[in-house]
Structure formats: C-alpha cells, structure tokens
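Once you know that position 227 of the sequence shown is 229 in our numbering, the rest is easy, because the numbers rise by one and skip nothing.
Data block below; observations after.
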Amino acid sequence: MIKVSVVGAKGRMGSHVVDAVNNADDTELALALDAGDDLSQITPENTDVVVEFTVPSVSLDNVLALVAQGVDVVVGTTGWTEEKLDQVRAALAAAPREGQSVFIAPNFAISAVLADYFAKVAAPYFESAEVIELHHPNKVDAPSGTAFHTAQGIAAARKAAGLGPVPDATETDGGSRGQVVDGIHVHAVRLRGLNAHEEALFGNDGEQLTIRADSFDRISFMPGVLLAVRKVATGSYPGVTVGLDNFLDL
Ligand SMILES: NC(=O)c1ccc[n+]([C@@H]2O[C@H](COP(=O)([O-])OP(=O)(O)OC[C@H]3O[C@@H](n4cnc5c(N)ncnc54)[C@H](O)[C@@H]3O)[C@@H](O)[C@H]2O)c1
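Written as structure tokens, this is what we have:
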C-alpha cells in the first residue's frame with residue numbers, strides 16, 4: 003500500500019484526492035491537512051507521497067517544507083515558474099533522503115495531456131493551426147495554461163518541420179483573432195455550464211482535423227493523480243519532473 007497524505011484536503015481538488023486515495027486498492031490515506039495545520043506532522047514514517055493542491059501563493063513554501071521533511075510530493079497547484087522550479091531543485095539537492103521526487107502536473111486530465119500530445123504530432127501536416135479553449139466563467143486567467151502550452155507545442159513542431167507562418171490576411175483586428183502564442187492564435191471562451199475544454203484546429207485546402215478534449219468534472223483529474231502517485235512511489239523519478247506526459251509512455 004502506498005501511504006498518501008493530502009495537503010489542501012478540504013479544497014475542491016483535495017477532497018476528490020482524499021476520496022480517490024481512499025477508494026483505490028493500492029493507496030491508503032495517511033494525513034489530510036489544510037490551511038492552519040502543521041505540515042511537520044508529515045514524515046517519511048507515515049507518508050510515502052504527499053499530494054498538494056492548495057493555492058499558488060503557498061504551494062512553493064509547502065513543497066520546500068515537505069522536501070526538507072524527506073517525503074516525495076505530487077503537486078497539482080498551478081502558478082509554477084522556472085524560478086520556483088529552480089528553488090525546488092535546490093531544495094532536492096539538499097534533501098535528507100537520496101533520490102527524492104517532486105512531480106508537478108499543470109494538468110492531470112489524461113484527455114487534455116493526450117490532446118496536447120496529438121496536436122504536436124498533427125502540427126507538421128497542416129498549413130493552418132489555431133487553438134480554442136473553453137472554460138467555466140469563474141476561471142480568472144486566459145488563455146488557460148494548457149492552451150498556451152498546446153500552442154507552444156504546435157509552434158515548435160511547425161518550426162521543426164520547416165513550416166512558415168500560418169496564413170492570415172487579417173488587416174484590422176479589434177482583438178477577435180485572439181492571443182498570438184509563438185505565431186499560433188489562441189481563443190478563450192467563458193461560458194456558464196462549461197468546465198474545461200480545448201480544441202486544436204488544423205486546416206489544409208479541403209480538409210480539417212479537430213482534436214478536442216473535454217473535462218466535464220474534477221473527477222477527470224483523479225486517474226492522472228493516482229498514476230503520478232504510483233509512478234513517484236516507485237522511486238524511479240528523482241528530482242523535479244513536470245508534466246503527466248512523462249508517465250504515459252507516449
Ligand atoms: N493540475 C491540475 O490538473 C489542476 C486541476 C484543477 C485545479 N488545479 C489547481 O489546483 C489548485 C487548487 O484548486 P481547488 O479548486 O482545489 O482550490 P480550492 O480553493 O477549492 O482549494 C484550495 C485548498 O487549499 C487550502 N489551503 C490554502 N492555503 C493552505 C496552506 N498553506 N496549507 C494547506 N492548505 C492550504 C485551502 O484552505 C483550500 O481548502 C489551484 O491552483 C488550481 O488551479 C490544478
């Protein structure tokens with residue numbers, strides 16, 4: 003059994019993680035902590051892997067504290083920058099246990115991670131490419147980090163294949179053509195009733211390919227969270243790993 007502690011356990015994601023850990027055959031819940039609780043209760047004796055879903059303003063400090071306490075961490079909280087990742091790498095270099103892991107997934111939905119991957123595969127074969135992301139209206143950032151990443155991946159794949167800019171005769175644009183990420187237009191829709199959705203659109207003369215991922219409920223993230231917990235618990239991923247694609251044998 004993999005002993006899992008959850009930090010942010012009362013949150014929308016954390017409470018789903020608590021249920022997922024309780025319901026899986028190979029994981030058991032160690033500690034479920036939230037704001038105000040003492041993280042030093044988490045030790046290598048009671049916990050194999052910590053799952054952290056809190057808020058961007060506290061996540062780095064939580065991860066640094068947990069690394070110093072000798073436990074592996076799976077992080078779902080957003081807001082990571084290269085600078086923050088470097089701080090985690092430095093903390094891991096001084097960690098008490100050999101080969102400790104911190105795994106960070108900007109998106110745990112397997113459909114979204116696969117769509118992102120498939121978009122990179124498709125990108126070299128099409129003259130045109132655009133990304134549309136569609137979310138619930140409570141989301142505070144646009145475009146979504148996943149859509150931004152998808153556009154970057156499409157752009158990199160196009161560049162590697164020697165493709166030039168996407169065709170676009172637009173001369174006047176009041177903003178309707180969306181944000182341009184490395185030359186790829188990204189559009190954000192905010193609509194009551196939606197959850198998290200993304201389309202990568204590709205076009206050639208006379209044909210179109212649409213790659214679409216739909217996450218209808220937070221429960222869609224749980225298979226990805228459990229996969230990350232299992233992979234990290236093997237001890238085979240020392241250091242910082244970013245992205246669920248690392249665990250999908252793509
Ligand atoms: N990676 C993914 O696939 C994915 C998916 C959905 C959401 N998220 C991200 O996960 C994070 C959490 O989202 P949510 O919807 O569960 O938010 P939420 O506000 O419902 O939950 C956050 C929880 O963290 C707790 N918390 C705050 N400070 C804390 C601290 N210092 N120590 C311990 N707990 C603390 C809060 O009390 C709350 O219970 C956000 O950054 C969100 O963007 C990531």
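Each residue gets a CB set at the ideal place from its N, CA and C atoms; glycine is no exception.
Computed from a predicted model, the values in this text were never measured in an experiment.
Where residue i sits in the DSSP three-state scheme
i           : result
residue 205 : strand
residue 43  : helix
residue 100 : coil
residue 12  : coil
residue 31  : strand
residue 73  : coil
residue 130 : strand
residue 52  : strand
residue 21  : helix
residue 252 : coil
residue 118 : helix
residue 155 : helix
residue 176 : coil
residue 59  : helix
residue 148 : helix
residue 238 : coil
residue 37  : coil
residue 225 : helix
residue 88  : helix
residue 168 : coil
residue 142 : coil
residue 93  : helix
Separation of residue j from residue i, as counted between CA atoms
i           : j           : result
residue 76  : residue 91  : 14 Å
residue 194 : residue 175 : 26 Å
residue 39  : residue 31  : 16 Å
residue 182 : residue 135 : 14 Å
residue 87  : residue 197 : 28 Å
residue 115 : residue 61  : 22 Å
residue 215 : residue 113 : 5 Å
residue 69  : residue 94  : 6 Å
residue 228 : residue 247 : 14 Å
residue 147 : residue 137 : 12 Å
residue 158 : residue 233 : 28 Å
residue 184 : residue 129 : 15 Å
residue 12  : residue 97  : 28 Å
residue 132 : residue 5   : 43 Å
residue 141 : residue 190 : 11 Å
residue 149 : residue 213 : 12 Å
residue 206 : residue 187 : 16 Å
residue 304 : residue 72  : Any question about residue 304 goes unanswered here, given that the chain covers just 3 to 252.
residue 151 : residue 199 : 14 Å
residue 153 : residue 145 : 10 Å
Exposed unless 16 or more other CB atoms sit within 10 angstroms - verdict on residue i
i           : result
residue 164 : exposed
residue 64  : buried
residue 24  : exposed
residue 102 : buried
residue 238 : exposed
residue 218 : exposed
residue 81  : exposed
residue 48  : exposed
residue 34  : buried
residue 109 : buried
residue 222 : buried
residue 79  : buried
residue 160 : buried
According to DSSP, residues forming a beta bridge with residue i
i           : result
residue 244 : 106
residue 192 : 137
residue 161 : According to DSSP, residue 161 bridges with nothing at all.
residue 210 : 205
residue 4   : 29
residue 217 : 198
residue 187 : 132, 182
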